[in-house]
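Residue numbers (the numbering used here), protein chains in the order written: chain A, 159 to 389; chain B, 159 to 389; chain C, 159 to 389; chain D, 159 to 389. Idealized CB from N, CA, C, for every residue including glycine. To start, the structure itself, in structure tokens.
Number of protein chains: 4
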Amino acid sequence: MKQTVEIYRGGVKAMAIWDDVIPQEELKRFAAGGMGTSLVGFGEKAVLLIVDMSYGFVDSSFPLGDSSVGWTTVHHIQKLQAVAREKKVPILYSTSEWKNNSVERGLWKRTPEVTQALKNPKAYRIVTELAPREDEPVVTKMAPSAFHGTDLLRMLIQYNADTLILTGMVTSGCVYATGVDAFSFGFRVIIPAEGVADRSQIGHKVALFNFHMKYGDVLPMAEVLRYMSSK
Amino acid sequence: MKQTVEIYRGGVKAMAIWDDVIPQEELKRFAAGGMGTSLVGFGEKAVLLIVDMSYGFVDSSFPLGDSSVGWTTVHHIQKLQAVAREKKVPILYSTSEWKNNSVERGLWKRTPEVTQALKNPKAYRIVTELAPREDEPVVTKMAPSAFHGTDLLRMLIQYNADTLILTGMVTSGCVYATGVDAFSFGFRVIIPAEGVADRSQIGHKVALFNFHMKYGDVLPMAEVLRYMSSK
Amino acid sequence: MKQTVEIYRGGVKAMAIWDDVIPQEELKRFAAGGMGTSLVGFGEKAVLLIVDMSYGFVDSSFPLGDSSVGWTTVHHIQKLQAVAREKKVPILYSTSEWKNNSVERGLWKRTPEVTQALKNPKAYRIVTELAPREDEPVVTKMAPSAFHGTDLLRMLIQYNADTLILTGMVTSGCVYATGVDAFSFGFRVIIPAEGVADRSQIGHKVALFNFHMKYGDVLPMAEVLRYMSSK
Amino acid sequence: MKQTVEIYRGGVKAMAIWDDVIPQEELKRFAAGGMGTSLVGFGEKAVLLIVDMSYGFVDSSFPLGDSSVGWTTVHHIQKLQAVAREKKVPILYSTSEWKNNSVERGLWKRTPEVTQALKNPKAYRIVTELAPREDEPVVTKMAPSAFHGTDLLRMLIQYNADTLILTGMVTSGCVYATGVDAFSFGFRVIIPAEGVADRSQIGHKVALFNFHMKYGDVLPMAEVLRYMSSK
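In structure tokens form, the structure reads like this:
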């Protein structure tokens, strides 16, 4: 599935991935309100976060997975991961895990069949292509945001990070929730458009549009790679 | 602006407000994944939260406001507020305030013109039609979620709430972020569709779709009024 | 090590476990300020939390453990655990775990020798006498408070708890930090005096004094057992 | 009230302010466990936090205030504040405010008389000697920790701080709770001993002892001034 990833930047005329779903009239209203017309920009110290790139989301063999967008995204993130490792940019990962007690699982809306499928530990295993190294922390979360109920925030502060490069699945779910939290905690959030994916194309595009209008920057992967390479 | 508010509930065939923006194919994929096919349901003790119904969002005289949807929503929420008061359901409100120091304002993407407009205290004043009574707490927030940097969570716990009736503006921004946090903290979240609004129709619909698929229930206002009246 | 556990309650004259360390003059100043002169009291729905009753704290074979107070406390908590199970009061546990990366371990002040000793998984194993049942959740934490970086809060909310019965080790460290968080989140916190212990007797007593003056109730275990049995 | 402020540092023999209240035997046990035998140390970017130096705590005309230690502490903090301003070290303040609704006030253990006294706005006014400048943010809190329900954390992150210089009142209450949170969020916490005070001398000393053993560094004010002056 091809995605156009040139990003809309307010004044600057450019094709953005959401241009085919957000009506012109609405784009104009946002521009008039001054939203999305500037960039937050990269700070001094970035950390790369890879959200939920486990088989359960990447692969269609799981009920919540979507191979049609998942595997392409894996390959895009791989490039970023390689540069981050080379440039000593810290990498953090999130995933989830099966919990026996319903009170531990939270109030997710799921059918018994999906709950059953989520008992398979492979659903939570980060795909081999992106496997964390021993020195790269993985947080285990039960809520959409990778900050909720985890030590992610403390580690970002210990890394003295001011910028979060945010990737993973799914855009409109855990990625978006993580991005809103990161923004709320005062981090500059940069989402490389090809580094996130969603089983819903419209959910994907509208989430990125929303995020770019209000909270952080959605940029082409090439631009994020360029920034990281220059470190 | 008329909105169709019959809600999609998985198995039950019904027109939902997002049916004109979410492609059939995607709706089917969600149904196949068991998402949105059941309701979280009301619990034992509900609290009504009214997010950011201030002139700055309700009224088009402010750059981020939208009268075309704001005032209708005010009137819908008024009915809920009246029943809540009658039935002794606690009501909480959120708004924001101007801060002189940029570090206090956070990293919102805004033009200097919008920032200037936000110095007007009226932008943060809750509209007269929904004015909080003295005994109804108002939290002041600087982040999208009404939980972030406020005492909302403690008050919900002191009220012994298990259910959050979530209303306000804007759907895809502060309402959505508040809803994700409420879900993450273990509350049943119910959004009456006519009780929320957004300057972007597609943002509004996709946010509600997303929320109903994963985290909580988007219901017609009539159903929420019925529940609250029966208390 | 015998502890006197009658609790000081402001006006009511009674021997409290801290009476031998807090000077009379200071007790009077607190009473004059109206602190500790009333009880928060039990609410409607209690949860029992057992903090860090692992070999690393209970047993002197570990550098941070103290058998002289740990094992007595195990036996006291056992009684409470038994009644809680009988009365269907939910039980939650916290412990910690070894992390390979220093950034995951946080900024605890420890010598290399202590850090080395903490690699032993037995340090984090909850003592057999208090072993959690399969349906009793255990949260894994890296910070003093059992709320920090865990799902404890969400589970308390899902249990609809308004009261936290707080036990474990060590009083002045993880128990106290957990208690302050629970109070801050709006829970009634009850500490049965014999259900908590510390390697420092003065730390233990002053922490309980402080807590009882400001945030929650320190009660004799017998009173907490009586309350729980009456459910 | 004179306080000895040379700080105990594990191996290094020195008089510490807590040496007259912590029994030798306990000091030895802590040293054997490797606690308090090293310093966390200053990082790269410090922020000065002044907790609750309002008339309600500083001055004995309020039921929770204590002039006998409050005013001396004001003068010590003034020196630090002056150097911080000169060296462009950001300064943040916390205080509280009166809330009409009991649900907004939380579960603090207070007599009706104390609650009555806390209606006076002067109780929350930061003393003139330490009055914040317009560009120095003040957070308003209802819980012990200055992080709880405030934007303090976001601002520290936006300042890119890794070190929190922690001062204010009262040591065993709001200062200690704030310090534990700062530690838990991954900040290096430095408490200048003369920059904190408590109505209870034993509470003060044991809190500092505890903090220095486990979470951060309690240093003589002179050392903190020297560090800040060298910036």
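Please name the residue, chosen from the options, that lies closest to residue i on a Cα-to-Cα basis.
i       : options                               : result
L222(B) : P181(B), L250(B), K267(B) and L206(B) : K267(B)
S330(D) : D356(D), E184(D) and L322(D)          : D356(D)
I391(C) : Q274(C), L377(C) and P279(C)          : Look at the range of chain C in this structure, 159 to 389, and you will see that residue 391(C) is not part of it.
D178(C) : V364(C), V382(C) and M379(C)          : V364(C)
M371(D) : E292(D), V209(D) and M193(D)          : M193(D)
I349(B) : A281(B), I208(B), P290(B) and G228(B) : I208(B)
A319(D) : L250(D), T195(D) and S196(D)          : L250(D)
V297(B) : G307(D), A289(D), S260(D) and P295(D) : G307(D)
E292(D) : P290(B), N258(B), R346(B) and S387(B) : N258(B)
F305(B) : V328(B), F220(B), V285(B) and C332(B) : C332(B)
S196(B) : A240(B), P279(B), F369(B) and L288(B) : F369(B)
I235(B) : V285(B), P181(B) and E183(B)          : V285(B)
A218(D) : F345(D), K280(D), L238(D) and T321(D) : What sits at residue 218(D) in the sequence shown is Ser, not Ala. With distances taken between Cα atoms, S218(D) lies closest to K280(D).
R346(A) : T321(D), Q182(D) and Y317(D)          : Y317(D)
V227(A) : E183(A), T269(A), L383(A) and V328(A) : V328(A)
E381(D) : E183(D), Q182(D) and K237(D)          : K237(D)
F224(A) : R187(B), L383(B) and P290(B)          : It is worth fixing the name first, because residue 224(A) is Asp in this sequence and not Phe. Taking only the C-alpha atoms, the option nearest D224(A) is R187(B).
E294(C) : W256(C), L206(C), A190(C) and F220(C) : L206(C)
F220(C) : K389(C), T321(C), K277(C) and I180(C) : K277(C)
K389(D) : E183(D), P248(D), S252(D) and D309(D) : P248(D)
V198(D) : T269(C), I180(C) and P181(C)          : T269(C)
P290(A) : A190(A), Q182(A), L383(A) and A240(A) : A240(A)
Thinking residue i and residue j are a contact (beta carbons under 8 Å), I'd like their distance in whole angstroms, please.
i       : j       : result
G374(A) : V354(A) : Wrong, their Cβ atoms sit about 12 Å apart, outside the cutoff.
Y282(B) : S254(B) : 5 Å
L366(D) : W229(D) : About 20 Å separates the two Cβ atoms, so there is no contact after all.
H386(D) : E352(D) : Sequence inspection shows Met at residue 386(D); the His mentioned does not correspond to that position. Their Cβ separation, rounded to whole angstroms, is 14 Å, which puts M386(D) and E352(D) out of contact at 8 Å.
L185(D) : V232(D) : Contact flag wrong, Cβ pair sits at about 31 Å.
List the DSSP bridge partners of residue i.
i       : result
R346(D) : T321(D)
A355(C) : M327(C)
T298(B) : T253(B)
D375(B) : I348(B)
A204(B) : T321(B)
I284(B) : S212(B)
How about residue i: is its C-beta nearer than 8 Å to some C-beta of chain E?
i       : result
W266(A) : Of the protein chains in the structure, A, B, C and D, none is chain E.
Could you tell me whether the segment 196-204 of chain C touches the segment 213-220 of chain C, using the rule of 3 or more Cβ pairs below 8 Å? no
Using 8 Å as the threshold, is the segment 331-349 of chain B in touch with the segment 321-337 of chain D, meaning 3 or more CB pairs across them? no
contact_flag[the segment 258-276 of chain A, the segment 300-315 of chain A] where n(CB pairs < 8 Å) is 3 or more: yes
Using Cβ-Cβ distances below 7 Å, what residues of the segment 231-261 of chain B are close to chain D? N258, N259 and V261
What are the residues of the segment 275-305 of chain B that lie near chain D, defined by any Cβ-Cβ distance shorter than 7 Å? E292, D293, P295 and M300
Does the segment 356-369 of chain A come within contact of the segment 235-244 of chain A, defined as at least 3 CB pairs closer than 8 Å? no
May I ask you to list, following chain order, the residues of the segment 305-318 of chain A that have a beta carbon less than 9 Å from some beta carbon of chain D? D309, L311, R312, M313, L314, I315, Q316, Y317 and N318
With 8 Å as the C-beta to C-beta threshold (strictly closer), list the residues of the segment 350-364 of chain B near chain A in chain order. R357, S358, Q359, I360, G361 and V364
Name the residues in the segment 180-199 of chain C whose C-beta lies less than 9 Å from a C-beta of chain B; which are they? none
Taking one C-beta from the segment 307-323 of chain C and one from the segment 272-291 of chain C each time, how about it: are there three or more such pairs within less than 8 Å? no
Residues in the segment 318-348 of chain D with C-beta within 8 Å of chain A's C-beta atoms, listed in sequence order? N318, D320, S342, F343, G344 and F345
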